Amino acid sequence: MSGLSRLVKTLLGALLLSACLTAWSATTETAAAPETVSLVVVGDIMLEDGPSRAMRRGQDPFAGFAALFKGADIRVGNLECVVATIGSPEDDKPNVFRVPPSTLRYVKRHFDAVGLANNHSGDYGPQAFAQMLGFLKQAGLGVYGGGLNLTEAHTPWIVERKGLRIALLGYDEFQPRSFEADTDKPGVAWSEDAQVVRDIQAARSRWKADVVIPIMHWGWEDPVSNARQRQLARTMIDAGADAVIGGHPHQVQDTERYQGKPIFYSLGNFVFDGFSQPVNNRGWVLRLELDKNGVRGVQVHVAQIGAGGLPKPAGTVAGP
Ligand SMILES: [Zn+2]
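For the sequence shown, my numbering gives the first residue as 5, with consecutive numbering after it.
Okay, here's the thing in structure tokens:
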């Protein structure tokens, strides 16, 4: 073999080796890249009135956001009505909402779990609340913020995707407090600070969650959060929450980051009929990217609520 051909052979060998090494390192980098889990959270879902009429016509009230739901690993929202066939309306309560179990066909199509900690899930009494828990279980839907008793109501909904364990807790602090669960009474979880802190700590220690997110029902019908919301959000993050997400004010509220963790004080309405003011017909849908360190990415999608209370996507806005 001539000196020249030996040199060519050596060079070719080196090139081949470096190509192999590049390919190998590219593969390992891809495999080592941390995968995120996407969680979509919508605001308040009230299925009476317009949405009920739509479902009776065979129309899916969530259809406008079907693509966003389909593309996410986990989908949740606050169910602000009773799903039951029994019970009687609470005395002296101006607005009470109840829908039949057939509506869950549409909820199940798009959601993995629903939050029950709100000021309407108890509108038809504890028996109707318990019946709703049964219907949700039958439909294969998870629940947070409510249960057959106090312990269940304060137990997180645990969901695992791609090896990441996520705990969602739900709390109501908007009256009536009579909807609260008790040792032997079905109902919602109420947000007493010391209990909330214990629940968040238990989500990590007992339930081995990597990510813990409390979803709140709180605040006044104002565009800006109040002092109580801000205090409790900080308390929850200090206790180990990775984000805090709220609802109830029927409009979007301000956001912030505390200790680097995002706080959305109110997402506003998602599916809700009966509001004439534009501010009440515009809500937020969050898509959070989660990993073992908490929230890695935030996308805020705008839901424009049209006639009959049905939402359609209307672009995105910047998150905190
Ligand atoms: Zn509410």
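In this text, a Cβ means the ideal position worked out from N, Cα and C, and glycines have one as well.
Predicted model, so just to flag it, every value in this text is computed and none were measured.
Three-state secondary structure (DSSP) of residue i
| i | result |
| --- | --- |
| V228 | coil |
| H124 | coil |
| T320 | strand |
| M220 | strand |
| R208 | helix |
| E33 | For E33, the predicted model reports a pLDDT of 43, less than 50, meaning its position is unreliable and no value from the coordinates is stated. |
| L140 | helix |
| V111 | helix |
| K74 | helix |
| D242 | helix |
| P253 | coil |
| L51 | coil |
| V331 | In this structure the chain extends from 5 to 324, so residue 331 is not present and cannot be described. |
| M5 | For M5, the pLDDT reaches just 47, beneath the cut-off of 50, and the residue's location in the model is therefore unreliable, leaving the point undetermined. |
| P130 | helix |
| E156 | helix |
Same chain, Cβ closer than 6 Å to residue i, five either side skipped, listed in chain order
| i | result |
| --- | --- |
| M220 | Y175 and G250 |
| A143 | L108 and K112 |
| G287 | G47, L271, G272, N273, F274 and A307 |
| G301 | E293 |
Presumed contact (8 Å Cβ cut-off) between residue i and residue j, rounded CB distance
| i | j | result |
| --- | --- | --- |
| L145 | V111 | 7 Å |
| C85 | M50 | 5 Å |
| A207 | P160 | 5 Å |
| P180 | A134 | Their Cβ separation, rounded to whole angstroms, is 18 Å, which puts P180 and A134 out of contact at 8 Å. |
Nearest candidate by alpha-carbon position, reference residue i, set the options
| i | options | result |
| --- | --- | --- |
| V100 | A117, V87 and R109 | V87 |
| F276 | Y269, S270 and N285 | N285 |
| L137 | Q205, F268, I90 and S182 | I90 |
| L83 | R234, F274, P324 and K166 | F274 |
| W222 | F268, D188 and S182 | F268 |
| G298 | K265, N123 and A71 | K265 |
| Y148 | R202, E164, R232 and A171 | A171 |
| V216 | A245, Q257 and G319 | A245 |
| E236 | A198, P227 and D188 | Per the sequence shown, the amino acid found at residue 236 is Leu instead of Glu. That would be A198, whose Cα lies nearest to the Cα of L236. |
| V163 | V118, E177 and F183 | V118 |
| I241 | Q205, A185 and S229 | Q205 |
Same chain, Cβ closer than 8 Å to residue i, neighbours up to 5 away in sequence not counted
| i | result |
| --- | --- |
| E225 | P253, H254 and Q255 |
| A76 | S42, L43, V44 and R291 |
| D116 | I78, R79, V80, L145, G146 and V163 |
Neighbourhood of residue i by C-beta, 7 Å cutoff - its chain only, sequence neighbours within 5 removed
| i | result |
| --- | --- |
| L152 | A134, L137 and P190 |
Legend entry - By C-beta, the residues closer than 5 Å to any heavy atom of ligand 1, given in chain order: N122, N123 and H252
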